[in-house]
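Peer 1:
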Amino acid sequence: MKQVSLTQYLIELQREKGCVSAELRLLIEVVARACKRISHAVSKGALGGVLGGAGTDNIQGEAQKKLDVIANEVLVEANEWGGHLAALASEEMEHPHQIPSRYPRGEFLLLMDPLDGSSNIDVNVSIGTIFSVLRCPEGVEPDEKAFLQKGSQQVAAGFAVYGPQTILVLTVGCGVAAFTLDRELGSFVMTQPDIKLSADTQEFAINASNARNWHPPVKHYIDECLAGKEGPRGKDFNMRWVASMVADVFRILSRGGIFMYPADSKHTKGRLRLMYEANPMAMIVEQAGGAATDGRQRILDIQPTELHQRVGVVLGAKNEVERVTQYHLKQA
Ligand code: F6P
Ligand code: MN
Numbered sequence: 004m005k006q007v008s009l010t011q012y013l014i015e016l017q018r019e020k021g022c023v024s025a026e027l028r029l030l031i032e033v034v035a036r037a038c039k040r041i042s043h044a045v046s047k048g049a050l051g052g053v054l055g056g057a058g059t060d061n062i063q064g065e066a067q068k069k070l071d072v073i074a075n076e077v078l079v080e081a082n083e084w085g086g087h088l089a090a091l092a093s094e095e096m097e098h099p100h101q102i103p104s105r106y107p108r109g110e111f112l113l114l115m116d117p118l119d120g121s122s123n124i125d126v127n128v129s130i131g132t133i134f135s136v137l138r139c140p141e142g143v144e145p146d147e148k149a150f151l152q153k154g155s156q157q158v159a160a161g162f163a164v165y166g167p168q169t170i171l172v173l174t175v176g177c178g179v180a181a182f183t184l185d186r187e188l189g190s191f192v193m194t195q196p197d198i199k200l201s202a203d204t205q206e207f208a209i210n211a212s213n214a215r216n217w218h219p220p221v222k223h224y225i226d227e228c229l230a231g232k233e234g235p236r237g238k239d240f241n242m243r244w245v246a247s248m249v250a251d252v253f254r255i256l257s258r259g260g261i262f263m264y265p266a267d268s269k270h271t272k273g274r275l276r277l278m279y280e281a282n283p284m285a286m287i288v289e290q291a292g293g294a295a296t297d298g299r300q301r302i303l304d305i306q307p308t309e310l311h312q313r314v315g316v317v318l319g320a321k322n323e324v325e326r327v328t329q330y331h332l333k334q335a
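Structure, rendered in structure tokens:
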């Protein structure tokens, strides 16, 4: 079978469909190269001295792991000199990082969660990198305000999973494709060309330890799933929860399902971050034919007010996401 590399895939999209400009393609390739480096560091584990805490806190007051810091540095370093970015923002940095004046400034803004699933770093469970690309509004300083665009404005979104294989999932607004890292060749090879998500599912993902804090619509939905064949849904549901969003979303893209990290009485605004977790995942899931809401509203329609703002997330199989959203809206 003919192998299609990430570069080839992007050049074909550029030539045949005009979905991606040369500039955006080059930016994505820089991000993909950085992900290869991070994958390499992750795979060394204790032998590379990359496990354990960094002894610092990030802006959200969460203890940083060494790999959080390493992944952030790799992505910043890879991107700042390339000439494609006006600025970049990261979960690990309080304010946007400006491109040093010695480098040319490009037209895009990059947002990233350098190392998603931090709690799984030290236990050899899949982790990843999430990224989102926006256009910097013309004639505007690339400060925090320039980043505060709705998710529907994203021009590209993607994530890497560092698991048994390293996989990159990408959309530039023309469908979703996944690429597996061929470690011998050092290139990402397309392994899932046009990912489509089934509208129905019998598998859900939620952190059940938050059950006592769930709002009634979420509790109602999960109770119905748990009631199985004998309950109102008339079918048995299975449950999966990796606790790395990248791995949970990749599973859903591969075999269907619904993922929820809803706002609850403890996480009143939600747990996940809108701009570099929920938005890129929502774009990918929608591009694959699924849906993504905060329980009430389409995630991609939310107007952000802060770089690091949190949001409730319900995404995956369209009919299930609609059901959860309806339960919330009916409760109003
Ligand atoms: O980035 C946040 C994250 O690591 C997600 O990947 C994951 O879904 C979530 O945290 C798990 O958090 P908790 O263990 O608190 O439910
Ligand atoms: Mn994360």
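In terms of our numbering, the sequence shown is residues 4 to 335. Think of the CB as a built atom: it goes at the ideal place given N, C-alpha and C, for glycine as much as any other residue. Predicted model only: the values in this text are computed from it and were never measured.
I need the boundaries of the alpha helix (DSSP H) containing TYR224, first residue and last residue.
Peer 2: Annotation: the continuous alpha helix (DSSP H) that includes TYR224 extends over 219-229.
Peer 1: May I ask which residues mark the beginning and end of the beta strand (DSSP E) holding GLU206?
Peer 2: 206-208
Peer 1: As a quick check of your reading: which residues have a C-beta less than 5 Å from at least one non-hydrogen atom of ligand 2, in chain order?
Peer 2: Every residue passing the under-5 Å Cβ criterion appears here: ASP116 and ASP119.
Peer 1: Going by C-alpha to C-alpha distance, which of VAL77, HIS331 and PRO140 sits closest to VAL317?
Peer 2: Selected option, being the one with the closest Cα: HIS331.
Peer 1: Below 8 Å, how does it come out for the stretch 173-193 and the stretch 281-300: are there three or more Cβ pairs, yes or no?
Peer 2: Touching, yes, given that three or more Cβ pairs across the two stretches are closer than 8 Å.
Peer 1: Against chain B, with Cβ distances strictly below 9 Å, would LYS232 count as a contact?
Peer 2: Among the protein chains of the structure shown there is no chain B, as only one such chain exists.
Peer 1: Is any heavy atom of ligand 1 found at a distance shorter than 8 Å from the C-beta of VAL249?
Peer 2: yes
Peer 1: Taking ALA180 as the reference, give the member of GLU187, ALA159, VAL327 and SER212 with the closest Cα.
Peer 2: If we check each option's Cα against that of ALA180, ALA159 comes out closest.
Peer 1: Looking at ASP297 and ASN213, is the spacing between their C-beta atoms short of 9 Å?
Peer 2: No. Outside cutoff.
Peer 1: Go to ILE255, then tell me how far its alpha helix (DSSP H) extends in each direction, as first and last residue.
Peer 2: 248-258
Peer 1: Cβ atoms of GLY85 and VAL126: under 9 Å apart, would you say?
Peer 2: Their beta carbons are not under 9 Å apart, which means VAL126 does not touch GLY85 by this criterion.
Peer 1: Would you call the stretch 33-49 and the stretch 67-75 in contact, with 3 or more CB pairs under 8 Å?
Peer 2: yes
Peer 1: Determine which residues share a DSSP beta bridge with GLN195 and list them.
Peer 2: Per the DSSP secondary-structure output, GLN195 pairs in a beta bridge with ALA181.
Peer 1: Tell me TYR264's beta-bridge partners as DSSP assigns them.
Peer 2: VAL316
Peer 1: Taking 8 Å as the cut-off, does the CB of ASN213 come closer than this to any heavy atom belonging to ligand 1?
Peer 2: Because some heavy atom of ligand 1 lies under 8 Å away, the Cβ of ASN213 counts as near it: yes.
Peer 1: Can you tell me whether MET242 is buried or exposed, with buried defined as 16 or more other CB within 10 angstroms of its CB?
Peer 2: exposed
Peer 1: Within 10 Å of its beta-carbon, does ARG105 have 16 or more other beta-carbons around it, so buried, or fewer, so exposed?
Peer 2: exposed
Peer 1: Provide the residue(s) that pair with GLN101 in DSSP beta bridges, ordered along the chain.
Peer 2: Residue pairing by DSSP places GLN101 opposite ALA90 in a beta bridge.
Peer 1: Any heavy atom of ligand 1 closer than 8 Å to the Cβ of ALA246?
Peer 2: yes
Peer 1: Considering only heavy atoms of ligand 1, does any lie closer than 8 Å to the CB of ASN210?
Peer 2: yes
Peer 1: Return the chain-ordered ranges of every beta strand (DSSP E) run that is complete within the stretch 269-325 and spans a minimum of 3 residues.
Peer 2: 294-296 and 316-319
Peer 1: Kindly indicate which residue of ASN123, PRO219, LEU137 and GLY260 has the alpha-carbon position closest to the one of GLY48.
Peer 2: ASN123
Peer 1: Assuming PRO200 and LEU256 form a contact by the criterion Cβ under 8 Å, report the distance between their Cβ atoms to the nearest whole angstrom.
Peer 2: Checking the displayed sequence, the identity of residue 200 turns out to be Leu instead of Pro. Yes, they are in contact, since the Cβ atoms of LEU200 and LEU256 sit about 7 Å apart, within 8 Å.
Peer 1: Could you tell me whether the Cβ atoms of ILE130 and VAL164 are closer together than 9 Å?
Peer 2: Yes, the pair counts as a contact, with Cβ atoms nearer than the cut-off.
Peer 1: Who pairs with LYS68 in a beta bridge, going by DSSP?
Peer 2: For LYS68, which the question treats as bridged, DSSP gives the partners GLY56.
Peer 1: Kindly indicate the opening and closing residues of the alpha helix (DSSP H) around TYR12.
Peer 2: Where TYR12 is concerned, the enclosing alpha helix (DSSP H) stretches over 9-15.
Peer 1: Would you kindly check if the distance between the Cβ of PHE134 and the Cβ of TYR279 is under 9 Å?
Peer 2: Going by C-beta atoms, TYR279 is nearer than 9 Å to PHE134.
Peer 1: Between GLY315 and GLY293, is the Cβ-Cβ spacing less than 9 Å?
Peer 2: no
Peer 1: How about the stretch 88-100 and the stretch 51-58: do they share at least three Cβ pairs that are nearer than 8 Å?
Peer 2: no
Peer 1: Measuring CA to CA, which of GLN312, ALA66, GLN6 and LEU29 is closest to LEU13?
Peer 2: LEU29
Peer 1: Report buried or exposed for LYS148, applying the criterion of at least 16 other Cβ atoms within 10 angstroms of its Cβ.
Peer 2: exposed
Peer 1: For the candidate residues MET263, LYS269, PHE262 and THR194, whose alpha-carbon lies nearest to that of ARG215?
Peer 2: LYS269
Peer 1: Tell me which same chain residues have a C-beta within less than 6 Å of the C-beta of LEU70, skipping the five on either side of it?
Peer 2: So the qualifying residues of the chain are VAL53, LEU118 and ILE124.
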